C-alpha cells in the first residue's frame, strides 16, 4: 500500500544526526591514531589506541560518557594497588543528545570523547572507596556505591 511504501527507509528522529556525530568522532579517532603511529607509544599508555572499539550513543541522560571495560585479571603491584594486567574495552558510549533530543554541539562531544578514549589506554586500578578523595567521589557517585559492596 502507499502508506507502507518506503517504510523500510524510515528511521527514528535524530538518527541521521546521531550517525553523523558518531562518524565525526570515529574520524577524530582515526586522525589521532594515524598521528600516534608515527612514533613510539607514550609511556603513559598501557596499550595502543584501537580502531576496533565500537562507539555507541547513550540513551540514559545524566551520563556524558562511558568506557565499558571488562577486566579479566588484576595483579597487586608493589604499592599494594591491584592493577589490571588483562582487560578488554567493550565500547565507548557518549550522550549525543540533550533532554529535548537535540544533538549536542561538537565542542561538548569532543572533550567527552577524548576523556573516554583515554580510558581505553589506561590500566584499570582497583582502589578502596576510602582512599579516594571526596572531591573525586562527588564526580562519580556510583563509585561510592560500588565501593560499599
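Residue numbers (this note's numbering): 13 to 161.
Heads up, the beta-carbon is just placed ideally off N, CA and C, and yes, glycines get one too.
The structure displayed is predicted, hence computed values, not measured ones.
Closest Cα partner of residue i within the set the options
i           : options         : result
residue 34  : 57, 124, 108    : 108
residue 85  : 99, 74, 38      : 99
residue 128 : 67, 93, 29      : 67
residue 44  : 29, 62, 31      : 62
residue 152 : 58, 122, 75     : 75
residue 77  : 131, 49, 54     : 131
residue 46  : 103, 110, 60    : 60
residue 41  : 29, 121, 55, 28 : 121
Cβ neighbour criterion (16 or more within 10 Å) applied to residue i
i           : result
residue 11  : Given that the chain is displayed from residue 13 to residue 161, the structure contains no residue 11 and the question cannot be resolved.
residue 101 : buried
residue 150 : exposed
Through-space distance from residue j to residue i, alpha-carbon basis
i           : j           : result
residue 83  : residue 95  : 10 Å
residue 113 : residue 73  : 11 Å
residue 88  : residue 64  : 29 Å
residue 23  : residue 126 : Low local confidence applies: a pLDDT of 46 at residue 23 is under 50, so the model's placement there is unreliable, with the coordinate-based value given in what follows. Each residue's alpha carbon lies about 29 Å from the other.
residue 134 : residue 53  : 12 Å
residue 80  : residue 105 : 8 Å
residue 70  : residue 111 : 12 Å
residue 57  : residue 48  : 11 Å
residue 116 : residue 90  : 43 Å
residue 144 : residue 32  : 38 Å
residue 36  : residue 148 : 30 Å
Beta-carbon proximity list for residue i, same chain, < 8 Å, skipping 5 on both sides
i           : result
residue 137 : 93, 94, 95, 96
residue 30  : 69, 108, 109, 115
residue 38  : 67
Beta-carbon contacts of residue i that lie in its chain and below 7 Å, excluding the five residues immediately before and after
i           : result
residue 139 : 93
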